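Quick notes on the structure that follows.
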Amino acid sequence: LQLEDLLISPLQRITKLPIVLKEIHKYTQNPEDKARIEKVIENMSESLSKYMHNQRL
1 LQLEDLLISP
11 LQRITKLPIV
21 LKEIHKYTQN
31 PEDKARIEKV
41 IENMSESLSK
51 YMHNQRL
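Per the UniProt record's numbering, residue 1 is the first one in the sequence shown, and the count goes up by one each step.
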């Protein structure tokens with residue numbers, strides 16, 4: 001294995017986190033918790049989008 005191979009795994013997991021958080025959000029009943037999860041999803045999606053854009057440049 002090369003270093004690049006090892007670095008890909010964490011990135012793949014990070015890209016799956018918004019999907020996992022959306023599932024958690026679905027089953028969350030507390031409105032305050034739902035709002036926090038929504039904000040985390042929004043921030044994470046924005047960060048991932050910026051990262052992916054920068055990788056293409």
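Every residue, glycine too, gets a C-beta built ideally from N, C-alpha and C. From a predicted model like this one, the values you see are computed outputs, not experimental measurements.
Who are the Cβ neighbours of residue i in its own chain at under 8 Å, not counting the five residues just before and after it?
i	result
Leu48	Ile14, Thr15, Pro18
Lys34	His25, Thr28
So residue i and residue j are supposed to be a Cβ contact under 8 Å. How far apart are they, rounded?
i	j	result
Leu11	Ile41	Actually they are not in contact, since the Cβ atoms of Leu11 and Ile41 sit about 18 Å apart, beyond 8 Å.
By Cβ distance below 6 Å, which residues in the same chain neighbour residue i in space, the five residues on each side in sequence not counted?
i	result
Lys39	none
Less than 7 Å between C-beta atoms, sequence neighbours within five positions excluded: which residues of the same chain meet that for residue i?
i	result
Asn43	none
Consult DSSP for residue i and reduce its assignment to one of helix, strand or coil.
i	result
Asn30	coil
Gln12	helix
residue 61	The structure shown does not extend to residue 61, since the chain is modelled only from 1 through 57, so no value can be given for it.
Consider the C-beta atom of residue i and the heavy atoms of the ligand SAH; say whether any pair is separated by less than 7 Å.
i	result
Leu17	Annotation note on the ligand SAH: not contained in the displayed structure, which lists no ligands.
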